[in-house]
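Residue numbers (our numbering), protein chains in the order written: chain H, 5 to 531; chain P, 2 to 440. Glycine is no exception: its CB is placed at the ideal position from the N, C-alpha and C atoms. Remember, predicted model here, so these are calculated numbers, not experimental data. Note sheet for the following structure.
Written out as structure tokens, the structure is:
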């Protein structure tokens, strides 16, 4: 039984107790406070039972902050105390306040514990979660925090000894107080040239298990960082390399669901994030439908083809898509630094007499990942030798002269695939070192074969009222040639910027409490 | 009364076949306005590709060499170039491979054989080269002009690199062009865009101080690039500050909206009002490319870190009409395969490797070559947001400072400039504009 006496002003108490979990002694510590009392104090269960929501303050002193934290955590869990604020200082004094309720299972015994025992008891298996296993569990009551390396690091440690470390200077850069971040806009006000890269921390403590409060020694600046932010941005543990390999799938969703509200919109965008594509069924075949739908996400991306483009066979096409020929696998507008993110193809008309004209979809990141396994040397070439992409066309209302060079495959610093650019129709003359030409074409040939032979293709014939929505940065699309036979095949298309799509998805996911890690969207983000 | 012949005489060297274009500055623009003519160089057939490799654009000799995998060419000026058999195949301009209307490659890439050796090569009088390969039944057609322009010989690549190299200025004069000229004269439009491209900045004067007039100005280039701040945004004091620029405080050096994969390219700030009673409020500019090159020399190891370790750029703001949650991680500096800087970005307030961050921040803040501009009503400052970092001094006093800002995408800007260069300036290459292009 936890024995304590409370006072209304949260003064510190003298405590003398030993905690045990079952029959195992865990720790013993003594404390001293502002008003020394008897060595043991009692408060009856009934008293506390009548006044369930009051706090008590405990002060404990020990030579080992880790042990102290552990003890406090044990007290809290056993007695269902919630530490309201636990402070770890260099003087190793800890204060903890919380809402108390009695746990009859807790037993008190007088035991002495030395360091060796303390080490041993730390390995006692418990049901407690480890640090960082999930956002909700990060920095829970079982987590210890302490300073290390002369205040240069803050360490969060779980009972399974897993650690998350954050450098003092990193925390300084990420301080979220109102002096460092403009409250309304969230923009950083902190001037990096005024930060001492050798800064150290004087004190750090968790407040309500939502924030880490910090005082830096050199500047005496006091700030805080949210714990969920630390959880999300922890850099200490090596992240597993992310493979982009996955099976191809084309999920579908009804138009009614998408326009029903934010939840439907979120579901649609999540499908696109997970599988790279999604078919919206049951939309009207009006010419205004597509833009109205897409602008619920973000403003339509304007390109050299305007905001909306019609995909049907025309006499003098400004794009090969505006013909009836077969189109091989490609992405659109890769001569832009940021090619269109999401692409939408709304089927207005697709008469039954039209033969051919099916669409094909293929996840190119997955193809590239498999290609890396099978042909690592050729994969390497495709990440280093830049191809040329261009659109040079003067016989149009707005003449265009665009040329862009970049490798087909881009990696981040961890060698994970960041994006793939594939659009043979818009390739221009290769302009690279003489010795790179033959290796490049060899790798290019093999990759084009890999795309042709990949079995994970999705084939579909659009029906009027269906909107094919896909990520133009991760999914290649192709089209079979077609014969109109007197009929009409008419699609309407538009694009969304990749960053604005991702932002909307993140906002909706956050607002609906579905904040899982979003999948990489194929832009040039290195994460 | 201006003499028309004096204007036309500026064109004469072109008409006589001398492909070295006279300086556009010699063309009297005032004359153009008065006579209401646009000084379009008459020599251009827009569909012809001009070469900057002069003189000697004709092939003197062409042979199949290198185990039948190479076409070796000797130009009339004595230089050599070699073209791989595979390269020739992918540059075939016949109607089976190239759709002439839309200018797209239509031959399936996977149907080109892995190995290709040259069977035969013939030249024609109309400037074409016909090629046949052993492994494929295909009559390849390539033009001499195409080979000339796209030669990837070391000399040609070196020449291109020199021509597109950024020139750094130490005199901080601000180039100026009047909107009254740009509105009427394509030549002035070209000069305006050239200044932005080559020097990174140009002041456009005499722009009517009307709301959203910037839209009309930018229609000369292409479409506005909308961002999370809309198409055209107002830089003035706001009650709800969704951006630090909407206050009075000083702004540190930064480039706008690094959270976008393609940051806004060219930024335009149109001054509608800037009362004399206000003190401060000048806009300052520094050339990040210049700073980065000096940084590379002085701190090579730290420079390497800036190219390899990603910074985190964020804009997470829910308390606004359209909440945004944008995070992008990328290195500050990107290099191409020749180790040339192809993109630099900077935002003082974003997160990166601390020590290097501090060093680079100091390099920027202590850089001696800063341009300071106090805008006047009717001025529009146009600058490359991918090359110049800008900042603002704090301003105090009673009065109003109202600018309207907008952006044009780097690729759209460069496309317009390249087209005008092709039309008016013999296709003079456009230097790198910071859009991560590996060219």
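Do we get a CB-CB distance below 9 Å when we pair residue i with the residues of chain P?
i              : result
residue 459(H) : no
residue 530(H) : yes
residue 159(H) : no
residue 515(H) : yes
residue 456(H) : yes
residue 448(H) : yes
residue 177(H) : yes
residue 396(H) : yes
residue 375(H) : no
residue 219(H) : no
residue 252(H) : no
residue 277(H) : no
residue 342(H) : yes
residue 405(H) : yes
In whole angstroms, what is the alpha-carbon distance linking residue i and residue j?
i              : j              : result
residue 441(P) : residue 267(P) : Residue 441(P) lies beyond the residue range present for chain P, which begins at 2 and ends at 440; the question has no answer from this structure.
residue 386(H) : residue 447(H) : 7 Å
residue 339(H) : residue 343(P) : 16 Å
residue 126(H) : residue 169(H) : Any answer about residue 126(H) is weak, because its pLDDT of 27 lies below 50 and its placement is not dependable; what the coordinates show is given next. Their backbone Cα atoms lie some 19 Å apart in a straight line.
residue 102(P) : residue 308(H) : 16 Å
residue 529(H) : residue 277(H) : 15 Å
residue 66(P)  : residue 251(H) : 46 Å
residue 266(H) : residue 509(H) : 10 Å
residue 200(H) : residue 172(H) : 10 Å
residue 238(H) : residue 160(H) : 11 Å
residue 422(H) : residue 206(P) : 43 Å
residue 477(H) : residue 203(P) : 35 Å
residue 252(P) : residue 260(P) : 18 Å
residue 378(H) : residue 457(H) : 14 Å
residue 174(P) : residue 372(P) : 8 Å
residue 180(P) : residue 195(P) : 15 Å
residue 496(H) : residue 198(P) : 36 Å
residue 364(H) : residue 464(H) : 7 Å
residue 337(H) : residue 375(H) : 24 Å
residue 225(H) : residue 178(H) : 13 Å
residue 263(H) : residue 265(P) : 31 Å
residue 220(P) : residue 392(H) : 28 Å
residue 80(P)  : residue 188(P) : 34 Å
Is the CB-CB distance between residue i and residue j below 9 Å?
i              : j              : result
residue 462(H) : residue 254(H) : yes
residue 227(P) : residue 414(P) : no
residue 330(P) : residue 308(P) : no
residue 412(P) : residue 408(H) : yes
residue 328(H) : residue 342(H) : no
residue 238(P) : residue 230(P) : no
residue 285(H) : residue 259(H) : yes
residue 86(P)  : residue 118(P) : yes
residue 209(P) : residue 379(P) : yes
residue 136(P) : residue 109(P) : no
residue 360(P) : residue 303(P) : yes
Using a Cβ cut-off of 9 Å (strictly closer), state whether residue i contacts chain H.
i              : result
residue 302(P) : no
residue 345(P) : no
residue 158(P) : yes
residue 411(P) : yes
residue 392(P) : no
residue 408(P) : no
residue 262(P) : yes
residue 111(P) : yes
Return the Cβ separation of residue i and residue j in integer angstroms, given the expectation that the two are a contact with Cβ distance under 8 Å.
i              : j             : result
residue 161(P) : residue 74(P) : That pair is no contact at about 17 Å.
Three or more C-beta pairs below 8 Å linking the region 397-407 of chain P and the region 271-281 of chain P: yes
The region 356-365 of chain H in contact with the region 482-500 of chain H per 3-pair CB rule at 8 Å: yes
Segment contact flag, the region 281-294 of chain P with the region 389-397 of chain P, C-beta cutoff 8 Å, min 3 pairs: yes
Inter-stretch contact (C-beta, 8 Å, three-pair minimum) for the region 463-482 of chain H and the region 365-379 of chain H: yes
Three or more C-beta pairs below 8 Å linking the region 358-375 of chain P and the region 163-174 of chain P: yes
Stretch pair the region 286-298 of chain P + the region 413-428 of chain P: three plus CB contacts closer than 8 Å: no
The region 321-330 of chain P in contact with the region 378-392 of chain P per 3-pair CB rule at 8 Å: no
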